[in-house]
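Enquirer: Handing you a structure now.
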């Protein structure tokens, strides 16, 4: 009788363990499908970065391409011309959120420079797009922040957007380049107790 009870108990435990394993497997598969369908792939991230840098893949060594799920962005570290660079790419839209790689506009084909300048002007991102870049970088949504400043400005004859907002007890300041959405500078300071939020 005791053996029968022990066997039934073991059977129940085994069944419970199997159910738990099946649930975990199902969750992992669902999560994998979600990541594959909701976010761009690592190969697409490479393509975005290489296109931004205007270089070939064989000239670049990608040290890491990590998906930061909480921020919904890829963090990319790479080496190019004996320098290391960092990129942050939106995992959903594939836009560059941040990079310390500076693209110089002095191409070898200087004949195309004037046409490039007009093309760049026409391809400027809007103030709303710049706001979205800043919000995405701060991992905030527009409804949750209190804007202090959203305006166009010029830095060395280049159109930039100055964006400031308060969010969760901090003041965020961004300067974003209009031609490509590059975050030129960003700052995050804690608000004083009597400051607005």
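Numbering (this note's numbering), first residue to last: 1 to 197.
Just so you know, even glycine gets a beta-carbon here, dropped at the ideal spot from N, CA and C.
1. Just the Cα atoms here: how many angstroms apart are residue 14 and residue 7?
2. Keeping to the same chain, check which residues put their C-beta closer than 8 Å to that of residue 29; ignore five residues upstream and five downstream.
3. Per DSSP, which residues does residue 171 bridge with? Please list them.
4. Start and end of the beta strand (DSSP E) containing residue 67?
5. So what does DSSP say about residue 160, is it helix, strand or coil?
6. Tell me the DSSP secondary structure of residue 128 in three-state form.
7. Using only alpha-carbon positions, find the residue among 77, 21, 17, 83 that is nearest to residue 98.
8. Could you please give the first and the last residue of the uninterrupted beta strand (DSSP E) stretch that includes residue 55?
9. Can you find the residues in the same chain that come closer than 6 Å, C-beta to C-beta, to residue 139, ignoring five residues on each side of it along the sequence?
10. Who are the near neighbours of residue 57 in its chain, counting only those whose CB is closer than 8 Å to its CB and skipping five residues on each side?
11. Should residue 160 be counted as a contact of the ligand PLP given a C-beta to heavy atom distance under 7 Å?
12. Quick one, which of 160, 164, 183 has its alpha-carbon nearest residue 148's?
13. By a C-beta neighbour count over all protein chains shown, 10 Å radius and 16 as the cutoff for buried, is residue 91 buried or exposed?
14. Locate the beta strand (DSSP E) running through residue 154, then write down its first and last residues.
15. With contact counted as at least three CB pairs below 8 Å, one residue from each stretch, are the region 128 to 137 and the region 162 to 181 in contact?
16. Within 10 Å of its beta-carbon, does residue 88 have 16 or more other beta-carbons around it, so buried, or fewer, so exposed?
17. Taking just the CA atoms, how far does residue 150 sit from residue 159?
Expert: So, from the listed chains and residues:
1. 10 Å
2. Sequence-distant Cβ neighbours of residue 29 in its own chain, meaning closer than 8 Å and more than five residues away, do not exist here.
3. 166, 189
4. Judged by DSSP secondary structure, residue 67 falls within the beta strand (DSSP E) whose first and last residues are 60 to 68.
5. strand
6. helix
7. 77
8. No beta strand (DSSP E) contains residue 55, which DSSP labels as neither H nor E.
9. Cβ within range, chain order: 71.
10. 46, 50
11. You won't find the ligand PLP in this model; it holds no ligand whatsoever.
12. Residue 148 has its Cα closest to that of 164, out of 160, 164, 183.
13. buried
14. 146 to 155
15. yes
16. buried
17. 13 Å
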